[in-house]
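To keep things clear, I will list the structure first and then write my remarks on it.
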Amino acid sequence: MGNLIKYFMLNFIFILLVSQMSGCQKTSKSIDNFDDFGVDKSSPVTVSVSANISTAKTIIPKQVVEAVPILMYHSISVNPKNDLMVPPDVFAAQMKHLHETGYQTITFKDLEDWQAGKPIPKKPILLTFDDGYIDNYTTAYPILKKYNLQATFFISFNYLGDSRHISWQNIQEMYNSGLIQFGSHTNSHPDLTVISSTQRQAEIFQSKEKIEEKIGSEVIAFSYPAGVYNDLVLRDVSEARYKFGVTTKPGNARVEQGLLSLHRVRVHGYYTVEDFVKIFP
Ligand SMILES: [Zn+2]
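Residue numbers for the sequence shown follow the working numbering, so the first one is -14 and each next one is one higher.
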């Protein structure tokens, strides 16, 4: 893993240098009162785009994108007491806004291809949903379909198909649509830092294998339950050959964070649509 991270660190420094050196006009927006939104001040929310390339339709080379927002959702439902739940009407307005303002959803596979030199959309954004709640299928998925937005659902294998979580049938349908990718959120959603190494490895390796077996394609992204991890967890996630790991640390994802410990932008249940628009203008 060390070499991989070093490689991407160097790559990232190169990207930064190129974007700083480019003589073209940069547009970089950030919002006031960043901290009010729980977003790391050191991580501007929007990407920087060089003007001469932005005239090219929708894709730009990776050299001009500094960071990618990975949004973190959980349940799309109404519960004012639970900040993890985003009301359906608010979620629908957020997706409509992303659609209308030219954001283009990408997947972790796109991130991987981007690292290999393929272009990335001008306003890239990743939508992620943790825990595989049933409303991700009944509520979020129809809205994502309406606006043709891609997303990654991180699922905990043992919970699939119970009354609160999506089933394999739901997963198959959504995967076949081409819009929804699936990542691992372990088997049983434990704190990975307090269980035995045998249990930890089972949670990390087996969940990947089981999902791959079901959907018939490689699972490359992992979400740490409750965002908790340590060096041993990182080592196992690397050895299991996940390419990306996402945490609950706030801010845009940048290569310097390490591809297995990328930050995310939490979409709070209490956000108004206006709050969201300020973060993603
Ligand atoms: Zn979770």
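Ideal Cβ placement from N, Cα and C applies to all residues, glycine included. Please read these numbers as outputs of a predicted model, since none were measured by experiment.
Per DSSP, the unbroken alpha helix (DSSP H) holding P127 starts and ends at 126 to 131. Secondary structure in the stretch 188 to 266: the beta strand (DSSP E) runs of 3 residues or longer, each lying completely within the stretch, are 206 to 208, 229 to 235, 247 to 251 in chain order. Across the set I55, I119, E97, P104, the C-alpha of I119 shows the shortest separation from the C-alpha of M70.
Residue ranges of uninterrupted beta strand (DSSP E) with 3 or more members, entirely inside the stretch 49 to 92 and ordered along the chain, are 55 to 58.
Around S62, the same chain offers M70, D120 as residues with beta carbons nearer than 6 Å, after the five sequence neighbours per side are excluded. The shortest C-alpha to C-alpha distance from E51 to any of S162, K263, W99 is the one to W99. Excluding its 5 nearest sequence neighbours in each direction, E97 has C-beta neighbours in its own chain below 8 Å: I205, K228, F229, listed in chain order.
Under the three-state reduction of DSSP output, I140 falls in the strand class. Each of P65, N64, L112 was checked against the Cα of A238, and the nearest Cα belongs to L112. In this structure, DSSP gives L112 an extended state, which the three-state scheme calls strand. The three-state secondary structure of Q186, taken from DSSP, is helix.
One thing to note: M80 has its Cβ no nearer than 8 Å to the Cβ of V252. Taking the Cβ atoms as the reference, L219 lies roughly 6 Å from L245, within the contact range of under 8 Å.
Between P54 and the set A78, V231, Y122, Y256, the nearest pair of CA atoms involves V231. Considered as a whole, the stretch 150 to 177 harbours 165 to 169 as its complete beta strand (DSSP E) runs of no fewer than 3 residues, in chain order. Annotated three-state conformation of I105 is strand, per DSSP. Distances from the CA of F265 to each of E198, I110, D115, S173 were compared; the closest alpha carbon is that of I110. Annotation for P72 indicates a beta carbon at 7 Å or more from all heavy atoms of ligand 1.
Taking 8 Å as the cut-off, the beta carbon of N161 is found no closer than this to the beta carbon of F142. Here the alpha carbons of K103 and G117 stand approximately 30 Å from one another.
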